[in-house]
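Residue numbering for the sequence shown follows our numbering, beginning at 714 and increasing consecutively. Glycine residues also receive a C-beta, built at the ideal position from the N, C-alpha and C atoms. Taking it in order: structure first as structure tokens, then the write-up.
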Amino acid sequence: MREPATEPGRAAGSSRRARRGAVRALAAAALTLPLLGVAPSEAGLPDTAGLQNAFTAAAAEYDVPRSVLLGVSYLQSRWDAHGGAPSVTGGYGPMHLTDAEAALAASEHHAEGTEDPRGDDARPPLRPGAGAPRTGELPARLTTLPRAARLTGLSPERLREDPAANLAGGAALLAEAQRRLGGPPSDDPADWYGAVALFSGADDTASAAAYADEVFEVIRSGGARVTDAGQQVALAPRPDLAPDVAALDRAGLRTGSAAGTECPRTVSCEWIPAPYEEFGDGDYGNHDLGDRPASQPIRYIVVHDTEGAWEGVLDMVQDPTYVSWQYSLRSTDGHIAQHVKAKDVAWHAGNWYVNAGSIGLEHEGFLAEPDAWYTEAMYRSSARLVKYLAKKHGIPLDRQHVLGHDTVPGPTSGTIPGMHTDPGPYWDWAHYFELLGRPFEATAGKHSGVVTIRPDYSANRPVFTGCEGAGEPCTTHGSSAVRLYSDHDESAPLIRDIGLGRAPTTGVNDLSSRVSTGQRYAVADRWGDWTAIWYLGQKAWFRNPARQPTAVPSKGLVVTPREGVESVPVYGRAYPEKEAYPAGVPAQPVTPLPYTLPKGQKYVTGGKVPGEYYYAVTFDEASHRVVTGEDLYYEIQFGHRVGFVRAADVTVTSS
């Protein structure tokens, strides 16, 4: 199906060429005038027309269908420019043109935190050293900006900083890919499937095709949004568009295979196994074999970020002396590598109870770099994978089962300060759950006893420190995090977490006094524009004005101490009672954390779980055992992290 003849910039022959210069000049003016102190409206231009016009101009200049350019840009950046800051893989602007040489410095994997990734008291703590970033020639997918500079004659600086130039660079790359495939310029977006696939930078057919499929799904669906720079951009839906997928056959890419993986067909996935090997004196790594879900259910999915770039992270997970996780996700195109089967237990969350019942997903990215943004391609690919895993294993799609690593509890009191804090305050949980088909919406009346945290990500810009050094302010950025105070006043002290053993700060890795989008809490009080929730045994306040709410009323089950009890202990893991352990399996202590749930307070529960422990301390599977006790627990949203209380200690009621 061809583009509508009335679409700007799509006239034929000399008429098309005559319009190119005009529309490009219009777009450039709309984007440049504000920088000169001239309002677009004063120059006869709509206030938010600049970027839309720039798409039209770039498409006309390089004979690329505008809908294709819009679709690719949406999958790269959701049309955002991010103020010229690079993504996690050194991609700039609305087209995510990559210049990794200029943008990326060596980073250690999981630099923050000192946790034992296994979190199993039955074994000595595992303290893997940070792996070295991979060196050598950068892959083509990380050097698209220099190529765009050569094609357009524009400087790399301008391509990084000027959105209109960035769009032109992206259009030039698409046109080059079309020529490489032997295709002539075409007004029909259906003819551009192969070029879009090549634009991804993937070196295998499966990854390139998955990327192109996602772009054309965007084009079919259409959409509109206001970008981070206040620009209104729209893409008209094309529901009947059927691209020519055969064009990719001429690309000469290697044949990728999903053999051995546990992924949905709608993503690109390959098997890069983590080693199960013996080494040293009776030691082994880097995961444990299991028989899930036959032996025990998979209850959780844990979202991490890698704190390192793709190639180096793959080197690490293939090291038997390092740690492991089930899946890695690539930023540039959303490609997935699986390393550990779902039946087996990876060492990733720092809490053995959670490890034994979870699947870990590592996303290419950096917690403490607010401007190092995540691509839409990776968000969408991750959401497709999580929906698939949740359906397969019966995992509820909520924040008490789709955990951030930062919400996994320390298993014991001594481990709390060292627990990791990724993916951090800049992961967009609201958008992620929209992609999961479970948006955070009001489910109760305004006086409900439970709220779901849901700030406007782009407008919610709390101040953090420590991104560039201790005490140094981080770049102000949209965030999923909401700060908590001890009273309904922003000058009041921050909420204190006694488990951390230090005064609360605004540090980017300090979780003591903040909540995150999607988390649910019982309401403790209200005062004007402020709402208080029960949090770590305290009444914690956050601003929640009706005109721009930070939370929405919700339904939910809550737990409170049973009648006659002043307080109940809170645990970091739900382990069985001593009597449940068979001969040959040492009983694990059921030790409470330094918190209690006091009488009169309520906490939202994610459901009941059995006391359970997976004993797997040797390379030989013969000694492995799943121990299940009679004691039952409730998982609760206790602070920023989840926790557990014994079912016998509490009463459960509806909010």
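Residue environment, Asp1046, which counts as buried when at least 16 other CB atoms sit within 10 Å: buried
Identify whether Asp1119 lies in helix, strand or coil by the three-state DSSP scheme. Residue state for Asp1119 is assigned as helix, using DSSP reduced to three classes.
List the DSSP bridge partners of Ala1253. Ile1246
Sufficient close CB pairs (3 or more, under 8 Å) joining the segment 775-793 to the segment 849-857: no
Pick helix, strand or coil for Ala656, following the three-state DSSP scheme. One cannot answer for residue 656 here, as it falls past the ends of the chain, which runs 714 to 1368.
With a Cβ-Cβ cutoff of 8 Å, do Asn999 and Ser1037 count as a contact? yes
Beta-carbon spacing of Ser1368, Gly1250 below 8 Å: Result no, Cβ atoms of Ser1368 and Gly1250 do not sit closer than 8 Å.
Cβ shell of Thr1369 (< 8 Å), same chain only, five flanking positions each side left out: No information on residue 1369 is available, as it lies outside the stretch 714 to 1368 that the chain covers here.
Please report the residue range of the beta strand (DSSP E) in which Tyr1210 lies. Reading off the sequence, residue 1210 comes out as Asp, not Tyr. Under the DSSP assignment, Asp1210 falls outside any beta strand (DSSP E); it carries neither an H nor an E label.
Residues bridged to His1017 by DSSP? His1017 is bridged to Glu1075.
Inter-stretch contact (C-beta, 8 Å, three-pair minimum) for the segment 1020-1032 and the segment 1348-1364: At 8 Å Cβ cutoff, the stretches do not touch.
Which ranges would you report for the beta strand (DSSP E) in the segment 909-977 if only whole runs of at least 3 residues count? 936-939 and 945-948
Answer with buried or exposed for Ala762, where buried requires no fewer than 16 other C-beta atoms within 10 angstroms of its C-beta. The residue in question, Ala762, is buried, as its Cβ has 16 or more Cβ neighbours within 10 Å.
Asp1004: buried (16+ other C-beta within 10 angstroms of its C-beta) or exposed? It counts as exposed.
Could you tell me how far apart the beta carbons of Glu1020 and Ser1041 are, in whole angstroms, since I believe they sit closer than 8 Å? Glu1020 to Ser1041, Cβ: 12 Å. No contact.
Given a cut-off of 8 Å, decide if Trp1254 and Tyr1326 are closer than it, judged by their beta-carbon atoms. Not in contact: Tyr1326 and Trp1254 (Cβ atoms no closer than 8 Å).
Assigned secondary structure, Arg1338 (DSSP; H/G/I helix, E/B strand, else coil): strand
DSSP-derived helix/strand/coil call for Asp1135: coil
Coil, strand or helix - Asp833 by DSSP: coil
Cβ atoms of Ser1226 and Leu1207: under 8 Å apart, would you say? yes
Pro837 to Ala1007 span [Cα, whole Å]: 28 Å
Limits of the unbroken beta strand (DSSP E) element including Trp1240: Note, Trp1240: beta strand (DSSP E), Arg1233 to Trp1240.
By the 10 Å Cβ neighbour count, where 16 or more other Cβ atoms means buried, how is Glu1348 classified, buried or exposed? buried
Would you kindly work out how many angstroms separate the C-alpha atoms of Ala1293 and Phe929, rounded to a whole number? 55 Å
Buried or exposed for Ala707, please, with buried defined as at least 16 other CB atoms from any protein chain shown within 10 angstroms of its CB. Only positions 714 to 1368 of the chain appear in this structure, which leaves residue 707 out of reach.
Just to confirm the assignment: which complete alpha helix (DSSP H) runs, minimum length 4, are found wholly within the segment 976-1046? When DSSP assignments are scanned along the segment 976-1046, the uninterrupted stretches of alpha helix (DSSP H) that are 4 or more residues long and fall wholly within it turn out to be 1023-1030.
Leaving out five residues before and five after Val1339 in sequence, what residues of the same chain have Cβ atoms less than 6 Å from its Cβ? Ser1008, Gln1009 and Tyr1327
Give me the Cα-Cα distance between His1061 and Pro1282, rounded to the nearest whole angstrom. 26 Å
Evaluate contact between the segment 1080-1094 and the segment 796-815, counting only Cβ atoms and requiring at least three cross-stretch pairs below 8 Å. yes
Can you tell me the Cα-Cα spacing of Arg1012 and Gly1182, whole angstroms? 37 Å
Separation of Ala1172 from Thr827, as counted between CA atoms: Their Cα atoms are separated by approximately 33 Å.
One question on the structure: do His1144 and Tyr1101 come within less than 8 Å of each other, judged by their Cβ atoms? no
Residue range of the beta strand (DSSP E) that includes Val1439: For residue 1439 there is no data in the structure shown, the boundaries of the chain being 714 and 1368.
Cα separation between Arg1151 and Ala815? 38 Å
Between the CA atoms of Val1099 and Asp953 - distance to the nearest angstrom: Looking at the two C-alpha atoms, the distance is approximately 28 Å.
In three-state terms, what does DSSP make of Pro1186? strand
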